[in-house]
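K.L.:
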Amino acid sequence: MSGKITASTAPRMASACQRERPYPSQSFLGLSLVALVFLLSTFSDACEEPPTFEAMELIGKPKTYYEVGERVDYTCRKGFYYVPPLATHTICDQNHTWLPVSDEPCYRKICPFIRYPLHGKTIYANGSNAYGYQLHFVCDEGFYLIGTPILYCKLEGINAVWSSKAPVCEKILCSPPPKIKNGKYTFSDIEVFEYLEAVTYSCDPAPGPDQFSLVGESQLYCSDNAVWSSDAPECKVVKCPFPVLNNGKQISGFAKKFFYNAMVMFQCDEGFYLNGSDTVVCDSNSTWQPPIPTCLKALLPPSTKLPTLSHSVSTPSSTKSPITSVSGPKPTHPTKPPVSNYPGYPNPDEELFNINNLDDWVIALIVIVVIVGVAVICVGLYKCLQSRKKGKAEVRAEYTACQSKSATPAEQTI
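See below:
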């Protein structure tokens, strides 16, 4: 019996020993945790990287962390210079933060002062002539800029200098305008024209029966950048053909000859309508622009046919005029007043309301309203009939009950 007990307990003891023996992975995990705790305790007693600034930079390479009491120093960046007595260093404090420090001791280097140009002005885009800023130049009216309009304050070695030489403002002067054939301009004896000075062109008398027309701007003036305001005009014969409108007439611009910029207006005869513009102008190519319109015959709509008095019925295919069956003298129709053909006036022969002129959606809406109305009426009639039938049935039931109660005892016995 005891031998069996020993045999049964031996494997259990062996397995228990195996469980108590630690695995290699568990040992590695424990060591990692210990190292992590050590690093955290180390970092918790240190400062992170020191702050960065626009005007100054750290001396030396930055480290991952700094111990309490450790000091770092800064120096001014390129384009900046140091002005004492403010400090340019900081220390890792016991609170694991850096003591306050700023880049105020570092100032931007200054470019040489440039006086505004004669007949112009300067604009400092950033408010000063410091390193990295811009300087703009603008000339007064009547003067133009020669040179670069925008300068940059840049660094050249250790000094701040402007990117280029300052521009100058020169007076706007135009050379004489171009001469034209068969024409001339005023002040032709002047060799130099100042800003906004103007000349006027005109054409010479034509040697033939047709006059010269001035095509283009008649007046030019000396404008910005020392150029004239537009191209010079030209003098040439411009003559458009006589305007003729079939089934219409000319109502304005009457002349024997039609030269440049002549304007004509048209109107169609009664029974015709205008297809095109009613006003045309003779252009520089001796053509009417837009083209002369046309007058098209106005077609009367079918509803404008005169009604005929007849008591007889005629088929649609019959082309004969219906004959009145009324004997005696025929009635005479009163003379109708003239009908205005202008748009906006209704034709008295036309119907005031024609269903053919309605849109499809309007017709559909009318049909739906009619159907709904009929349905409502039918439902109302049905309910009325039902209520009447119900009333008759109740009267009948009451009458039967009354007869039953009024029956004699003898009748009930029988």
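According to mature numbering (1 follows the signal peptide of the UniProt record, and there is no 0), the residues represented by the sequence shown are -46 to -1, 1 to 368, in order. Ideal placement from N, C-alpha and C gives every residue a C-beta, glycine not left out. None of these values were measured; they are calculated from a predicted model.
Buried or exposed, going by whether 16 or more other CB atoms sit within 10 Å of the CB of V328?
P.N.:
Exposed, by the Cβ-count rule.
K.L.:
By Cβ distance, which residues of its chain are closer than 7 Å to A9, with the 5 residues on each side in sequence left out?
P.N.:
Around A9: C30, R31, F34, D57 and C60.
K.L.:
My understanding is that V218 touches V198, with C-beta atoms under 8 Å, so please give their C-beta distance in whole angstroms.
P.N.:
That belief does not hold up - the Cβ atoms of V218 and V198 are roughly 11 Å apart, past 8 Å.
K.L.:
What number of angstroms, rounded off, separates the C-alpha of D185 from the C-alpha of E124?
P.N.:
About 24 Å.
K.L.:
Compare the Cα-Cα distances from K63 to each of C107, E188 and I126 and report the closest residue.
P.N.:
Ranking C107, E188 and I126 by Cα distance to K63 puts C107 first.
K.L.:
Kindly indicate the opening and closing residues of the beta strand (DSSP E) around D27.
P.N.:
Residues R25 to C30.
K.L.:
Secondary structure at I320, three-state DSSP: helix, strand or coil?
P.N.:
Correct three-state label for I320: helix.
K.L.:
Relative to the C-alpha of K203, which residue among S183, Y227, E3 and S156 is closest?
P.N.:
The residue with the shortest Cα to Cα distance from K203 is Y227.
K.L.:
How many Å lie between S118 and F147 at the Cα?
P.N.:
The alpha-carbon atoms of S118 and F147 are separated by roughly 32 Å.
K.L.:
Per DSSP, what kind of secondary structure is T(-5) in: helix, strand or coil?
P.N.:
Confidence is the limiting factor: at T(-5) the pLDDT is only 48, short of 50, which leaves the residue's position unreliable, though a coordinate-based value still follows. Here T(-5) sits in helix by DSSP.
K.L.:
I'd like the ranges of any beta strand (DSSP E) spanning at least 3 consecutive residues and lying wholly in the segment 40 to 71.
P.N.:
Runs found: 43 to 45 and 60 to 62.
K.L.:
Measuring alpha carbon to alpha carbon, tell me which residue in C236, A252, G207 and F208 is nearest C222.
P.N.:
Minimum Cα distance to C222 is reached at A252.
K.L.:
Quick one: any contact between the segment 65 to 81 and the segment 48 to 56, if contact means 3 or more CB pairs under 8 Å?
P.N.:
Output reads no: the segment 48 to 56 does not touch the segment 65 to 81.
K.L.:
Excluding sequence positions up to five away, which residues of its chain have a Cβ less than 7 Å from the Cβ of L12?
P.N.:
Within the same chain, L12 has close Cβ partners P4, V26 and Y28.
K.L.:
With a CB to CB cut of under 8 Å and the five nearest residues on each side skipped, what residues in its chain are close to E24?
P.N.:
Contacts found: C1, I45 and C46.
K.L.:
Return helix, strand or coil for A329, following the three-state DSSP convention.
P.N.:
A329 falls in the helix class under three-state DSSP.
K.L.:
From the DSSP output, in three-state form, read off G86 for me.
P.N.:
Residue state, collapsed to three classes: coil.
K.L.:
Where do the N-terminal and C-terminal ends of the beta strand (DSSP E) with T18 fall, by residue?
P.N.:
No beta strand (DSSP E) holds T18; DSSP gives it neither H nor E.
K.L.:
Run the CB neighbour count on N83, radius 10 Å, all protein chains shown included, and call it buried at 16 or more, exposed below.
P.N.:
Buried, because 16 or more other Cβ atoms sit within 10 Å of the Cβ of N83.
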